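Numbering (my numbering), first residue to last: 17 to 167.
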């Protein structure tokens with residue numbers, strides 16, 4: 017695996033975490049950032065509809081499943097790093113914060129601290145949320161089986 021590919025995968029991972037994180041969590045973390053960086057919008061938050069494609073049972077020919085609203089945003093920090101974000105829904109502030117954190121994560125001076133204070137806690141929060149949802153689903157799971165009568 018090349019270094020470029022590894023960096024791309026790392027960025028994809030943190031962008032996914034920032035996009036899926038609850039807005040309230042991003043806001044809380046943003047309030048704790050010391051010396052908030054100045055940034056300008058390269059592309060202010062804007063919402064559009066995106067067509068989602070699916071396959072029946074994960075197989076077969078793809079079909080248009082439906083449309084989903086997506087909000088995107090791109091910012092540039094005062095240090096010259098650009099960040100972007102795509103968030104499902106119509107939450108412009110969510111896309112803005114995710115883009116700012118994406119820009120900060122690309123700055124080697126801020127990367128370690130932002131990973132430790134923002135991305136890793138959000139990843140743990142999302143994993144815990146997934147675990148709780150799985151437990152709730154498993155509690156209502158029904159195991160169907162066939163009994164053979166003795167004759």
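Glycine included, each C-beta is placed from N, C-alpha and C at the ideal position.
As the structure is a prediction and not an experimental result, all values here were calculated from the model.
Neighbourhood of residue i by C-beta, 7 Å cutoff - its chain only, sequence neighbours within 5 removed
i, result
"residue 134", "45 and 117"
"residue 81", "68, 69 and 70"
C-alpha gap between residue i and residue j, whole angstroms
i, j, result
"residue 127", "residue 120", "6 Å"
"residue 28", "residue 137", "17 Å"
"residue 107", "residue 161", "45 Å"
"residue 122", "residue 146", "28 Å"
"residue 25", "residue 139", "15 Å"
"residue 56", "residue 99", "11 Å"
"residue 90", "residue 109", "12 Å"
"residue 97", "residue 112", "14 Å"
"residue 151", "residue 159", "15 Å"
"residue 32", "residue 95", "24 Å"
"residue 153", "residue 74", "21 Å"
"residue 39", "residue 155", "29 Å"
"residue 125", "residue 131", "11 Å"
"residue 142", "residue 35", "11 Å"
"residue 21", "residue 30", "14 Å"
"residue 129", "residue 51", "13 Å"
"residue 144", "residue 157", "20 Å"
Residues near residue i by beta carbon distance below 8 Å, same chain, minus five either side
i, result
"residue 48", "133"
"residue 93", "53, 54, 55, 99, 116, 119, 120 and 123"
"residue 77", "71"
Strand pairing of residue i, partner residues [DSSP]
i, result
"residue 63", "87"
"residue 13", "This structure leaves residue 13 out entirely; the chain is present only between 17 and 167."
"residue 95", "Looking at the DSSP assignment, residue 95 forms no beta bridge with any residue, so it has no partner."
Proximal residues to residue i (C-beta, below 6 Å), its chain only, five neighbours per side dropped
i, result
"residue 42", "113"
"residue 37", "138"
"residue 79", "none"
Give a yes or no on contact between the region 58-71 and the region 80-96, applying the rule of three or more CB pairs nearer than 8 Å. yes
Is the number of C-beta pairs between the region 54-62 and the region 99-115 that are closer than 8 Å three or more? yes
Whole runs of the alpha helix (DSSP H) within the region 24-85, excluding any shorter than 4 residues: Here the runs fully enclosed are 39-48.
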